[in-house]
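Encoded as structure tokens, the structure appears first; notes follow it.
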Ligand code: ATP
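In full-length UniProt numbering, the protein residues as written are 17 to 258.
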């Protein structure tokens, strides 16, 4: 029996002035899934994420979260509902320590007890041993990959019901990208529902349950990660072969 739909985006339209950036995007994420929205530069990935977070008002279409229409719900209220977008790696607080950055992630959530807070913190440090080793290091002095880990760790402190990740591999070396994707898979395997926006087709499609391909503001293909990896058109366009 199919799992409950967590996120349902229907015919989403977003404009920048007279430029239409999204021409009716529809997608779905079910409880427990890792879903990827794959697209080249300018396809509309960031625009989609910003609309989902509530930072850009849609000109058309609807967004529903856990059965509730949130199309016109404000960004901070979406966070309260458990839709948490990880900031880009460069979005960590550069003057704060690792520990302080993680604590900032708790703003979206009231912990029922000190023990619940500790448990979440221990979980994040276990996922990212590198952060545990560096809890007193200043965020801004960490490497790009470490800052990306910190950005993801910070959003996990809110225990998201849906985690939105916007190009976590951006600007990172191949080894670090692999490491980040391995951790994303693990976060998902441990029960967090994830919508990932990516350009890195190989890594994303290998690890994802389902994916949508976004081209100039439209979804042009959808399927399992495995099927899309084997699709000749996808290979030619995103994997540099074919
Ligand atoms: P990238 O991977 O390069 O960040 P993207 O898939 O995230 O690309 P978007 O940033 O969502 O793409 O951009 C989608 C389209 O909307 C592009 O054609 C872009 O030029 C346009 N666009 C984005 N932001 C604005 C803006 N503030 N004003 C006008 N057009 C914009």
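The beta-carbon is built from N, C-alpha and C at its ideal position, and this holds for glycine as well.
Below 8 Å on the Cβ atoms is my contact criterion, and I expect residue i with residue j to pass it. Report the Cβ-Cβ distance as a whole number of Å.
i	j	result
residue 234	residue 22	With 8 Å as the limit, residue 234 and residue 22 do not qualify as a contact, their Cβ atoms being about 23 Å apart.
residue 177	residue 98	3 Å
residue 240	residue 229	Rounded, the Cβ-Cβ distance is 13 Å, inconsistent with contact.
residue 151	residue 158	Going by Cβ atoms, the distance from residue 151 to residue 158 rounds to 12 Å, so no, they are not a contact pair.
residue 211	residue 180	5 Å
Assuming residue i is part of the beta strand (DSSP E), what are its boundary residues?
i	result
residue 65	Taken as a continuous stretch (DSSP letters only), residue 65 belongs to no beta strand (DSSP E), being part of the alpha helix (DSSP H) at 61-69.
residue 237	234-240
residue 22	21-32
residue 35	35-46
residue 197	Here residue 197 belongs to no beta strand (DSSP E); instead the alpha helix (DSSP H) covers 190-205.
residue 106	Where residue 106 is concerned, there is no enclosing beta strand (DSSP E), given that its DSSP letter is neither H nor E.
residue 217	Premise fails: residue 217 lies in the alpha helix (DSSP H), 217-223, not in any beta strand (DSSP E).
residue 227	226-231
Apart from the five residues just before and just after residue i, which ones in its own chain have a Cβ nearer than 8 Å to its Cβ?
i	result
residue 165	144, 146, 147, 196 and 199
residue 16	Given that the chain is displayed from residue 17 to residue 258, the structure contains no residue 16 and the question cannot be resolved.
Along the chain, where does the alpha helix (DSSP H) containing residue i start, and where does it finish?
i	result
residue 92	91-97
residue 119	114-120
residue 254	248-254
residue 141	130-143
Could you pull out every residue in the same chain whose Cβ sits closer than 6 Å to the Cβ of residue i, ignoring the five residues on either side in sequence?
i	result
residue 244	221, 227 and 250
residue 238	228
Spatial neighbours of residue i within its chain, please: C-beta separation below 7 Å, excluding the five flanking residues on both sides.
i	result
residue 63	30, 37, 38 and 72
residue 19	46, 47 and 48
* Can you list the residues near the ligand ATP, meaning Cβ strictly closer than 6 Å to any non-hydrogen atom, in the order they appear in the chain? => Answer in sequence order: 32, 35, 37, 55, 57, 58, 59, 60, 61, 62, 63 and 215.
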